[in-house]
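Asks:
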Amino acid sequence: MTEAKEVVAESNGENNKQEQSVEEENELETAIIRQVEYYFGDLNLPRDKFLREQVQIDDGWVPLDILTRFNRLAKLTKDTEIIAKALLKSTNGLLEISEDKKKVRRSPDVPIPEMNEERRKELSSRTVYAKGFPKESTLDDLLKHFRQYEQVENIIMRKYQERSSKKRLFKGSIFLTFKTRAQGTELLLHWQEDYIAQKQEEYANKKEQKDNKKNKDKEHQNVEKEELKLPTGTVLYFSGGTDQMKREDIKEALSTLGADIAYIDFKVGDKEGWVRLTKENTAKVVAEKMTENKMKIAEADVEFKVLEGEEESTYLQKTVEEMAKRRKNMKNFKSNKGRKGGNKYHGKKRRNDNDDGPPRKVKATES
Numbered sequence: 001m002t003e004a005k006e007v008v009a010e011s012n013g014e015n016n017k018q019e020q021s022v023e024e025e026n027e028l029e030t031a032i033i034r035q036v037e038y039y040f041g042d043l044n045l046p047r048d049k050f051l052r053e054q055v056q057i058d059d060g061w062v063p064l065d066i067l068t069r070f071n072r073l074a075k076l077t078k079d080t081e082i083i084a085k086a087l088l089k090s091t092n093g094l095l096e097i098s099e100d101k102k103k104v105r106r107s108p109d110v111p112i113p114e115m116n117e118e119r120r121k122e123l124s125s126r127t128v129y130a131k132g133f134p135k136e137s138t139l140d141d142l143l144k145h146f147r148q149y150e151q152v153e154n155i156i157m158r159k160y161q162e163r164s165s166k167k168r169l170f171k172g173s174i175f176l177t178f179k180t181r182a183q184g185t186e187l188l189l190h191w192q193e194d195y196i197a198q199k200q201e202e203y204a205n206k207k208e209q210k211d212n213k214k215n216k217d218k219e220h221q222n223v224e225k226e227e228l229k230l231p232t233g234t235v236l237y238f239s240g241g242t243d244q245m246k247r248e249d250i251k252e253a254l255s256t257l258g259a260d261i262a263y264i265d266f267k268v269g270d271k272e273g274w275v276r277l278t279k280e281n282t283a284k285v286v287a288e289k290m291t292e293n294k295m296k297i298a299e300a301d302v303e304f305k306v307l308e309g310e311e312e313s314t315y316l317q318k319t320v321e322e323m324a325k326r327r328k329n330m331k332n333f334k335s336n337k338g339r340k341g342g343n344k345y346h347g348k349k350r351r352n353d354n355d356d357g358p359p360r361k362v363k364a365t366e367s
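Going by UniProt numbering, the sequence shown opens with residue 1, and the numbers climb by one from there.
1) Tell me the rounded alpha-carbon separation between Ala-253 and Ala-262.
2) Note the first and the last residue of the continuous beta strand (DSSP E) segment covering Ile-156.
3) Output the boundary residues of the alpha helix (DSSP H) element that contains Asp-140.
4) Over the uninterrupted alpha helix (DSSP H) stretch that includes Arg-126, give me the two end residues.
5) By alpha-carbon positions, which one of Arg-158, Val-320, Ile-33, Arg-105 ends up nearest to Asn-54?
6) Could you check whether the Cβ of Thr-232 sits closer than 7 Å to any heavy atom belonging to the ligand SAM?
7) Looking at Gln-278: is its Cβ nearer than 8 Å to the Cβ of Gly-233?
8) Does DSSP classify Pro-46 as helix, strand or coil?
9) Spatial neighbours of Glu-303 within its chain, please: C-beta separation below 7 Å, excluding the five flanking residues on both sides.
10) For my contact list, Thr-127 and Leu-176 are in at a C-beta cut-off of 8 Å; report their separation, rounded to the angstrom.
11) Alpha carbon to alpha carbon, how far is Phe-133 from Arg-147?
12) So, helix, strand or coil for Gly-347, using DSSP?
13) How would you write the range of the beta strand (DSSP E) that Leu-257 sits in, first residue to last?
14) Have a look at Leu-76, Ser-164, Leu-187 and flag the residue whose alpha-carbon is nearest the alpha-carbon of Tyr-129.
15) Helix, strand or coil for Arg-106, going by three-state DSSP, please let me know.
16) In chain order, which continuous runs of the beta strand (DSSP E) of length 3 or greater are located wholly inside the region 290-334?
17) Quick check on the DSSP output: the beta strand (DSSP E) that includes Ile-264 runs from which residue to which?
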C-alpha cells in the first residue's frame with residue numbers, strides 16, 4: 001500500500017513538471033511569434049534598412065539564422081528549429097515559413113505600406129501617449145502588461161540621456177499604436193474610468209494625510225505654546241532713557257537690586273523698553289527696592305513700572321508667539337542648511353539659539 005502511494009506521488013510530481021514545461025513552451029512560442037511579426041510588420045519593416053535589404057535578396061525570404069542576430073529574438077532563443085515551430089502557429093496571415101523550415105518572409109498577399117505623409121498621419125491618428133509607468137520597467141515588462149490587449153500593435157518607450165552616465169533611461173511614458181483608431185479610443189475610455197477612480201482615491205488619501213499633518217502641526221504648536229508658558233509678575237516697563245543707554249547698563253543697574261534677568265527688550269536709541277525676570281512675582285520685589293520706582297542709569301533718571309493684569313498678559317502672549325515663531329524659523333533654517341549646504345550667515349555673529357526674548361528690530365531695506 002505504501003509503495004502504491006509513493007508511485008502516485010511521483011506520478012503527480014511528473015505531471016506538474018510536464019504542465020509547467022508546456023506552459024513555459026507556450027509562453028516562449030507566443031513571444032517568438034510576436035517578435036518576428038513585429039520585425040515584418042507594417043511599422044518596423046518600412047523603416048528597418050537592414051531587414052529591407054535582406055527581403056530583397058531572395059524573393060522576400062530571410063534565413064532564420066539571420067533573425068537570430070537581432071537582440072530581442074536572440075534573448076528568447078537562437079534555436080532556429082524552435083523559432084520555425086513557433087512561427088508555424090502564427091494565425092494572422094502575415095508570415096510564411098519555407099518548406100525546409102529555415103526561412104521566413106512576409107506574405108506576398110500583404111504588401112508593405114508606403115511610408116508617406118498620409119501614412120504618417122494615419123499612424124498618428126491611432127497612436128496615443130500614456131504615462132505613469134515605473135521608470136525601471138523594461139520593454140518586456142510593457143509587452144507582458146499589454147499582452148491582454150490584442151489591439152495594441154506597437155509600443156515605443158520614451159527615453160532621455162542622463163548627463164552623468166550618458167545612458168538612455170526610461171521616462172516612464174510610452175507611445176501606444178493600436179490596430180485601429182476605434183480600438184484605441186475604446187481602450188482609452190476604459191483606462192480613463194480606472195484613472196479617474198485611481199486619482200479620486202489618491203486625492204482622498206492626500207487630503208487625509210494633509211488633514212492629519214495639519215492637526216499634528218496644530219497639536220505641536222499648542223504643545224510648544226504650553227512649553228513656552230512664561231511666569232507672571234515678571235515684567236518691568238521702563239522709560240526716560242537716553243540715546244547712549246545700552247542693555248548692559250540696564251542689566252548692571254538692576255543686578256545691584258538682585259534682579260535675575262531673563263531678557264531685556266530694548267536697543268540703543270530707544271527711550272523705553274521692557275525687562276523680563278526669570279522668577280514668578282519678582283518684578284514687584286525689585287521695584288520696591290528703587291527710590292520712587294526710579295534708578296540712575298547712564299546719567300538718566302529711568303522710571304520703572306510693574307506690568308500687571310491685561311497689560312502684562314498682552315506682553316507675555318506676544319513674547320510667547322515671537323519665541324515660537326523664531327524656533328520654527330530656526331528649525332527650517334537648520335533643515336535648509338542640510339539640503340543646500342553652507343551657512344547663510346557666512347560666519348557672522350547672530351543671536352544665540354537659547355535667547356528667548358523677542359527678535360530685534362531691523363531696518364527695512366529694498367532687495
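The beta carbon of each residue, even a glycine, is placed where N, CA and C say it ideally should be.
Replies: In brief:
1) 15 Å
2) 152-161
3) 139-146
4) No alpha helix (DSSP H) holds Arg-126; DSSP gives it neither H nor E.
5) One detail in the question is off: residue 54 reads as Gln in this sequence, not Asn. With distances taken between Cα atoms, Gln-54 lies closest to Arg-105.
6) Inclusion of the ligand SAM in the displayed structure is not the case, the ligand content being empty and no account of it being possible.
7) Looking at the sequence itself, residue 278 is Thr, so the reference to Gln does not match. No, the Cβ-Cβ distance between Thr-278 and Gly-233 is not below 8 Å.
8) helix
9) Phe-238, Ser-239, Gly-240, Asn-293, Lys-294
10) 7 Å
11) 16 Å
12) Unreliable positioning characterises Gly-347 in this predicted model, as indicated by a pLDDT of 47, which lies under 50. The coordinate reading is nonetheless provided below. Three-state result, Gly-347: coil.
13) That residue, Leu-257, is in no beta strand (DSSP E); it is neither H nor E in DSSP.
14) Leu-187
15) strand
16) 294-297, 300-306
17) 261-265
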